[in-house]
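Novice:
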Amino acid sequence: MRYLVFLSLSILLACNSTSQTTVASGDVAASPEQTRPDYRYDPPATEGQVEPFDTTTEYWKELLTNQEFNVLREDGTERSFSSPLNEEKHAGVFACRACGLPLFSSETKFESGTGWPSFYAPINAAYVTEDSDFRYGMKRTEVSCARCGGHQGHIFPDGPQPTGLRYCINGVALNFVPAEDL
Ligand SMILES: [Zn+2]
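Note that the sequence shown covers residues -24 to -1, 1 to 158 in mature numbering (1 follows the signal peptide of the UniProt record, and there is no 0).
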């Protein structure tokens, strides 16, 4: 009898550990943050020539975290001073978080005091698109990634020379790639 109880317990424990393993591996597979690379950097084959692409909402939901999806696909705005890229001062490029297109360089980054990563120009004018944005009773110029259409932020006419423009960008929409990794 004692042996039978022991046997039943062993089977029960074995079943439990099996089901726990299954749940754990399922969690990992469902998390885009853990399955994707640390950063994505995918410049165009020919400099200055971007091949736009469109895909499904499901694709972006799988690839992006909730906050990235909100900013890049739903035109959201991150809280000011919330992105570590606001303080990033190393040499390198800032690529679109969704598709890896290099959008901005550390060479045009400046301290705007706004709490959002700010640049006075994109790496290449062909890599961004501009649209009028009339939401919230303001006329603003929205800037997006020219390849995936991901919302990046807005452009304001109060930046430093030589352009006089301020590209006010959500850090969560960017990946910083250090110059030594390029
Ligand atoms: Zn993109």
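Glycine residues also receive a C-beta, built at the ideal position from the N, C-alpha and C atoms.
1. Along the chain, which unbroken stretches of the beta strand (DSSP E) at least 3 residues long are found entirely within the segment 75 to 151?
2. Should A74 be listed as close to ligand 1, given that the test is whether its C-beta is under 7 Å from any heavy atom?
3. Rounding to the nearest angstrom, what Cα-Cα distance links E23 and E118 in this structure?
4. Where does residue 162 sit, in a helix, a strand or coil, going by DSSP?
5. Determine the burial state of Q128: buried for a count of at least 16 other Cβ atoms within 10 Å of its Cβ, exposed for fewer.
6. Tell me the rounded alpha-carbon separation between W36 and Q43.
7. Would you mind working out which of P78, E83 and G113 sits nearest P136, comparing C-alpha positions?
8. Using 8 Å for Cβ pairs, my map puts Y143 next to F80. What's the rounded Cβ distance?
9. Helix, strand or coil for V47 per DSSP?
10. The alpha helix (DSSP H) that contains L40, what's its start and end?
11. With respect to 7 Å, is the separation between the Cβ of L77 and the closest non-hydrogen atom of ligand 1 below this value?
12. Which residues bound the beta strand (DSSP E) around G68?
13. Should G140 go down as buried or exposed, given a rule of 16 or more other Cβ atoms within 10 Å for buried?
Specialist: Inspection of the coordinates gives the following:
1. 78 to 81, 104 to 109, 116 to 121, 127 to 132 and 142 to 145
2. The residue labelled residue 74 in the question sits at position 98 within the sequence shown. Answer for A74: yes, Cβ within range of ligand 1.
3. Working through the sequence shown from its first residue, we reach residue 23 at position 47. Working through the sequence shown from its first residue, we reach residue 118 at position 142. Cα-Cα distance, rounded: 23 Å.
4. Because residue 162 is not part of the residues shown, which for the chain are -24 to 158, the question remains open.
5. Counted from its first residue, the sequence shown places residue 128 at position 152. When all chains shown are included, Q128 counts as buried.
6. On the sequence shown, position 60 is the one that residue 36 refers to. On the sequence shown, position 67 is the one that residue 43 refers to. Rounded to whole angstroms, W36 to Q43 spans 12 Å at the Cα level.
7. Counting from 1 along the sequence shown, the entry for residue 136 is found at position 160. If we check each option's Cα against that of P136, E83 comes out closest.
8. Translated into positions along the sequence shown, residue 143 becomes position 167. Translated into positions along the sequence shown, residue 80 becomes position 104. Sure, about 7 Å apart at Cβ, within 8 Å.
9. Locating residue 47 in the sequence shown gives position 71, counting from the first residue. V47: helix per DSSP, three-state reduction.
10. To locate residue 40, count along the sequence shown from 1; it is residue 64. Counting along the chain, L40 falls outside any alpha helix (DSSP H), and DSSP gives it neither H nor E.
11. Here residue 77 is taken as the residue at index 101 of the sequence shown, counted from 1. Yes; taking the cut-off as 7 Å, the Cβ of L77 has a heavy atom of ligand 1 nearer than that.
12. Working through the sequence shown from its first residue, we reach residue 68 at position 92. G68 to C72 is the span of the beta strand (DSSP E), which, as asked, contains G68.
13. Taking the sequence shown and counting its residues from 1, the one referred to as residue 140 is at position 164. Its Cβ having fewer than 16 others within 10 Å, G140 is exposed.
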